[in-house]
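Same order as they appear, the protein sequences are chains A and B.
Numbering that gives the first Met the number 0 puts the first residue of the first sequence at 0, with every later residue one more than the last.
Numbering that gives the first Met the number 0 puts the first residue of the second sequence at 0, with every later residue one more than the last.
Built from N, CA and C at the ideal position, the CB exists for glycine as well.
Owing to the predicted nature of the structure, the values given are computational and were not obtained by experimental measurement.
Below: one structure, written as structure tokens.
2 protein chains.
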Amino acid sequence: MIDSYKTVGENTYEMIKKDIIFGNLKPLKKLKLNELKNNYKTSISTLREILSRLSGDGFVVYEEQKGFYVSPVSKSDLKEIANLRILIESHALKYSLENSNPDWEGSLLAAHHKLNLYENKLLKNKTEERSNWKRYDSEFHQTLVRNCNSKNLIELHKLIFDKYLRYQLLVLTFRGSGSIEEHKKLLDYSLERNFKKAQMVLEEHIQNGIIHANKSF
Amino acid sequence: MIDSYKTVGENTYEMIKKDIIFGNLKPLKKLKLNELKNNYKTSISTLREILSRLSGDGFVVYEEQKGFYVSPVSKSDLKEIANLRILIESHALKYSLENSNPDWEGSLLAAHHKLNLYENKLLKNKTEERSNWKRYDSEFHQTLVRNCNSKNLIELHKLIFDKYLRYQLLVLTFRGSGSIEEHKKLLDYSLERNFKKAQMVLEEHIQNGIIHANKSF
DNA sequence: AATTACCAAAATATATGATATTTTTAAATA
DNA sequence: TATTTAAAAATATCATATATTTTGGTAATT
Chain A
0 MIDSYKTVGE
10 NTYEMIKKDI
20 IFGNLKPLKK
30 LKLNELKNNY
40 KTSISTLREI
50 LSRLSGDGFV
60 VYEEQKGFYV
70 SPVSKSDLKE
80 IANLRILIES
90 HALKYSLENS
100 NPDWEGSLLA
110 AHHKLNLYEN
120 KLLKNKTEER
130 SNWKRYDSEF
140 HQTLVRNCNS
150 KNLIELHKLI
160 FDKYLRYQLL
170 VLTFRGSGSI
180 EEHKKLLDYS
190 LERNFKKAQM
200 VLEEHIQNGI
210 IHANKSF
Chain B
0 MIDSYKTVGE
10 NTYEMIKKDI
20 IFGNLKPLKK
30 LKLNELKNNY
40 KTSISTLREI
50 LSRLSGDGFV
60 VYEEQKGFYV
70 SPVSKSDLKE
80 IANLRILIES
90 HALKYSLENS
100 NPDWEGSLLA
110 AHHKLNLYEN
120 KLLKNKTEER
130 SNWKRYDSEF
140 HQTLVRNCNS
150 KNLIELHKLI
160 FDKYLRYQLL
170 VLTFRGSGSI
180 EEHKKLLDYS
190 LERNFKKAQM
200 VLEEHIQNGI
210 IHANKSF
């Protein structure tokens, strides 16, 4: 219902973006208009619109007269993204904590609860669906920054986070109990409004993520 | 020659973006496809592509089934943008200084020289062209961050800076000798690789800009 | 064998016209 | 005044057509 209400363009945009994030469209793959037209059942003009948007988001690269292709990935790019994520997410977290209020604290608790249940499930059963884990992880981190009271900052965070997400789904794996503990600390320090400690855990959390990644690249 | 080589879409993209930044297309103005088609002499499909890109850049807002309109401006938005600019530009500056080298120092000196000449001219003659000033100012600040060695960071900075630029051209005016001094200090501390002092000046520089702006909003 | 030149096929860039929907506007009604 | 309704305007999408550019392969040249 919610989904089918959207326009063709919007739906296809989501689909292609998802396919890039989940790796169904591999890095550097040439995105030929005719091919896409057949695969996604939309017109060329709509597709060009979509690809233009995606190139703004950084998931697609566009070259004049040559067309579009899926953005490349690299270890150094991941490092850059991770550093930016630390910068942006920390900054937003700081303001979220300053503006802390019961409503927000409640939503953070809720988001953590769901994430925690899922991570524990993953710990026991490795075959669990990975995309769900990422959904809860995203939700938790996005809740962390949501209270910062700056629309621009939230948007920027989403931009970076999505790029990071792509790497998570391409090369990062669930780190197990380490990640669980970090999330718990992140929650606790946030509820205590202890920015310094929360920030340290966050930075560690993201750094640990990419250390883990180095193996699989 | 260089310009006319580009595609119609690219040229029109630049034109519309410029018209928004310079205020020829006023905030909240509805961007009707047919109207734009007549004014910019391009097809609807090309225009939709362009507007899609611009909405990714944040200069245009898109609403499903309702179309496109020029992004609004507000004092609080300017404040958010300024804060983000401080965050991003400081961070990038830090790394630029760490990676400092003669080449970069040279280009920074050059950029400052041109900016300085122009600002002094402005000080004497208020009627001078304002868009030129902004060009040199942009160039100087972009040179500051260029050496940070992170493509993502540079792109992010450009994104924010352009949004800031729009406000500069819409509501900010030349502050006179204050700005000149700040730029000079920014240059000197950067050449000394004194991040702490350079950062402080930068923050002050941007803050002073928006204090000045409050009057005209 | 490597490089260059050239041609055909593929792909992009752009424009236009057609159709279905949706939104907006303005008029009509209660 | 508020609500409803009908007409007009605008968006969303697609298909098609054309010019230009890029690509890939073959032949010619060094």
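I'd like to know whether the C-beta atoms of residue 139/B and residue 156/B end up nearer to each other than 8 Å. To locate residue 139/B, count along the second sequence from 1; it is residue 140. To locate residue 156/B, count along the second sequence from 1; it is residue 157. No.
How is residue 7/A classed by DSSP in three states: helix, strand or coil? Counted from its first residue, the first sequence places residue 7/A at position 8. Note: residue 7/A maps to helix in three-state DSSP.
Nearest chain A C-beta to residue 205/B closer than 8 Å, yes or no? Position 206 of the second sequence, counted from the start, is the residue given in the question as residue 205/B. False, the Cβ-Cβ gap to chain A never drops below 8 Å.
Is it buried or exposed, residue 23/A, if we count other Cβ atoms within 10 angstroms and call 16 or more buried? Numbered from 1 along the first sequence, position 24 holds the residue referred to as residue 23/A. Around the beta-carbon of residue 23/A, fewer than 16 other beta-carbon atoms lie within 10 Å, marking it exposed.
Leaving aside the five residues before and after residue 46/B along the sequence, list all residues of the same chain whose C-beta is less than 8 Å from its C-beta, in chain order. Taking the first residue of the second sequence as position 1, residue 46/B is located at position 47. Short of 8 Å from the beta carbon of residue 46/B, and not among the five residues preceding or following it, lie these beta carbons of its own chain, in chain order: 11, 32, 35, 36, 39.
From 188/B, 204/B, 162/B, 165/B, pick the residue whose C-alpha is nearest to that of residue 174/B; which is it? Sequence index remark: in the second sequence, residue 174/B carries index 175 (1-based). Looking at the Cα atoms, 204/B is the closest of the given residues.
How far does the alpha helix (DSSP H) with residue 67/B in it reach, from first residue to last? Position 68 of the second sequence, counting from 1, holds the residue named residue 67/B. Here residue 67/B belongs to no alpha helix (DSSP H); instead the beta strand (DSSP E) covers 66–69.
Hey, out of 64/B, 69/B, 93/B, whose CA is closest to residue 145/B's CA? By 1-based counting over the second sequence, the position of residue 145/B is 146. Minimum Cα distance to residue 145/B is reached at 93/B.
Distance, Cα to Cα, residue 83/B vs residue 159/B? As a working note, residue 83/B is residue 84 in the second sequence. As a working note, residue 159/B is residue 160 in the second sequence. Cα to Cα, residue 83/B sits roughly 7 Å from residue 159/B.
Starting from residue 79/A, trace the alpha helix (DSSP H) both ways and give me its first and last residue. Indexing the first sequence from 1 puts residue 79/A at position 80. DSSP places residue 79/A inside the alpha helix (DSSP H), whose first and last residues are 74–97.
Indicate the three-state DSSP secondary structure (helix, strand or coil) for residue 202/B in the structure shown. The residue given as residue 202/B occupies position 203 in the second sequence. Helix at residue 202/B.
With a threshold of 8 Å, are at least 3 pairs of Cβ atoms found where one atom belongs to the segment 110–124 of chain A and the other to the segment 181–200 of chain A? Contact holds: three or more Cβ-Cβ distances are below 8 Å.
Quick check: the Cα distance between residue 141/B and residue 58/A, rounded to an integer number of angstroms? Within the second sequence, residue 141/B is the residue found at index 142, counting from 1. Within the first sequence, residue 58/A is the residue found at index 59, counting from 1. Computed Cα separation, rounded: 24 Å.
Using only alpha-carbon positions, find the residue among 76/A, 9/A, 13/A that is nearest to residue 170/A. Along the first sequence, one-based indexing puts residue 170/A at 171. That would be 76/A, whose Cα lies nearest to the Cα of residue 170/A.
Residue 47/B touches chain A at which residues, Cβ-Cβ below 8 Å? Here residue 47/B corresponds to residue number 48 of the second sequence, with the count starting at 1. Within chain A, 44, 48 have C-beta atoms less than 8 Å from the C-beta of residue 47/B, given in sequence order.
Contact list for residue 55/A against chain B, beta-carbon separation under 9 Å: Taking the first residue of the first sequence as 1, we reach residue 55/A at position 56. Per Cβ cutoff of 9 Å: 51, 52, 53, 54, 55, 56.
Should the segment 187–194 of chain A be called in touch with the segment 90–105 of chain A, which here means at least 3 C-beta pairs below 8 Å? Under the three-pair Cβ rule at 8 Å, the segment 187–194 of chain A counts as touching the segment 90–105 of chain A.
Pair within 8 Å by beta-carbon distance, residue 71/B and residue 122/B: Reading the second sequence from its first residue, position 72 is the one you call residue 71/B. Reading the second sequence from its first residue, position 123 is the one you call residue 122/B. It is not a contact, given that the beta carbons lie outside the stated cut-off.
So, does the CB of residue 6/B fall closer than 8 Å to a CB anywhere in chain A? Residue mapping note: residue 6/B aligns to position 7 of the second sequence, counting from 1. By this cut-off, residue 6/B is an interface position.
Does DSSP classify residue 255/A as helix, strand or coil? Because chain A is modelled from 0 through 216, residue 255/A falls outside the range shown and cannot be assessed.
Does residue 9/B get closer than 8 Å to chain A when you measure Cβ to Cβ? Working through the second sequence from its first residue, we reach residue 9/B at position 10. Yes, residue 9/B lies at the interface with chain A (some Cβ there is under 8 Å from its Cβ).
Is residue 41/B buried or exposed, if buried means 16 or more other CB atoms sit within 10 Å of its CB? Stepping through the second sequence from its first residue, residue 41/B is reached at position 42. Under this definition residue 41/B is a buried residue.
Cutting at 7 Å between CB atoms, please list the residues of its own chain near residue 188/B, excluding the five before and the five after it. Walking along the second sequence from the start, residue 188/B turns up at place 189. These residues qualify, in order along the chain: 196, 197, 200.
Between residue 209/B and residue 81/B, is the Cβ-Cβ spacing less than 8 Å? Translated into positions along the second sequence, residue 209/B becomes position 210. Translated into positions along the second sequence, residue 81/B becomes position 82. Yes. Within cutoff.
Is there a Cβ from chain A that is less than 8 Å from the Cβ of residue 80/B? Counted from its first residue, the second sequence places residue 80/B at position 81. Taking Cβ atoms only, chain A reaches closer than 8 Å to residue 80/B, which makes this a yes.
Top-ranked residue by Cα proximity to residue 135/A, from 147/A, 163/A, 115/A, 149/A: Sequence index remark: in the first sequence, residue 135/A carries index 136 (1-based). Closest by alpha carbon: 115/A.
Can you name the residues of chain A whose CB is closer than 8 Å to the CB of residue 146/B? The residue labelled residue 146/B in the question sits at position 147 within the second sequence. By Cβ distance, chain A contributes nothing, its closest Cβ being about 15 Å from residue 146/B, past 8 Å.
Output the distance between the C-alpha atoms of residue 131/A and residue 107/A, rounded to the nearest integer angstrom. Along the first sequence, read from residue 1 onward, the residue named residue 131/A stands at position 132. Along the first sequence, read from residue 1 onward, the residue named residue 107/A stands at position 108. Residue 131/A and residue 107/A: Cα-Cα distance of roughly 18 Å.
Within 10 angstroms of its Cβ, does residue 19/A collect 16 or more other Cβ (buried), or is it exposed? By 1-based counting over the first sequence, the position of residue 19/A is 20. With 16 or more other Cβ atoms within 10 Å, it is buried.
Quick one, which residues of the segment 61–76 of chain A are near chain B if we go by CB-CB under 8 Å, in chain order? So the close ones are 63, 64, 76.
Report the rounded CA-to-CA distance for residue 178/A versus residue 128/A, giving the unit in angstroms. Numbered from its first residue, the first sequence carries residue 178/A at position 179. Numbered from its first residue, the first sequence carries residue 128/A at position 129. Spanning the two alpha carbons is a distance of roughly 17 Å.
Inspect the beta-carbon positions of residue 69/B and residue 25/B and report whether they are closer than 8 Å. Position 70 of the second sequence, counted from the first residue, corresponds to residue 69/B. Position 26 of the second sequence, counted from the first residue, corresponds to residue 25/B. A contact, by the Cβ cut-off of 8 Å.
Beta-carbon proximity of residue 5/B to residue 53/B, cut-off 8 Å: In the second sequence, residue 5/B corresponds to position 6, counting from 1. In the second sequence, residue 53/B corresponds to position 54, counting from 1. Cβ distance not < 8 Å, so residue 5/B and residue 53/B don't count as in contact.
Quick one: Cα of residue 104/A to Cα of residue 165/B, how far? As a working note, residue 104/A is residue 105 in the first sequence. As a working note, residue 165/B is residue 166 in the second sequence. Their Cα atoms are separated by approximately 36 Å.
What residue does the beta strand (DSSP E) around residue 63/A start on, and which one ends it? Reading the first sequence from its first residue, position 64 is the one you call residue 63/A. Residue 63/A -> no beta strand (DSSP E), and no H or E assigned at all.
What does residue 151/A touch in chain B if you count any residue whose Cβ is under 9 Å from its own? What you label residue 151/A is simply residue 152 of the first sequence in a count that begins at 1. Taking a Cβ-Cβ cut-off of 9 Å, the neighbours of residue 151/A in chain B comprise 57, 76, 79, 80, 82, 83, 159, 162, given in sequence order.
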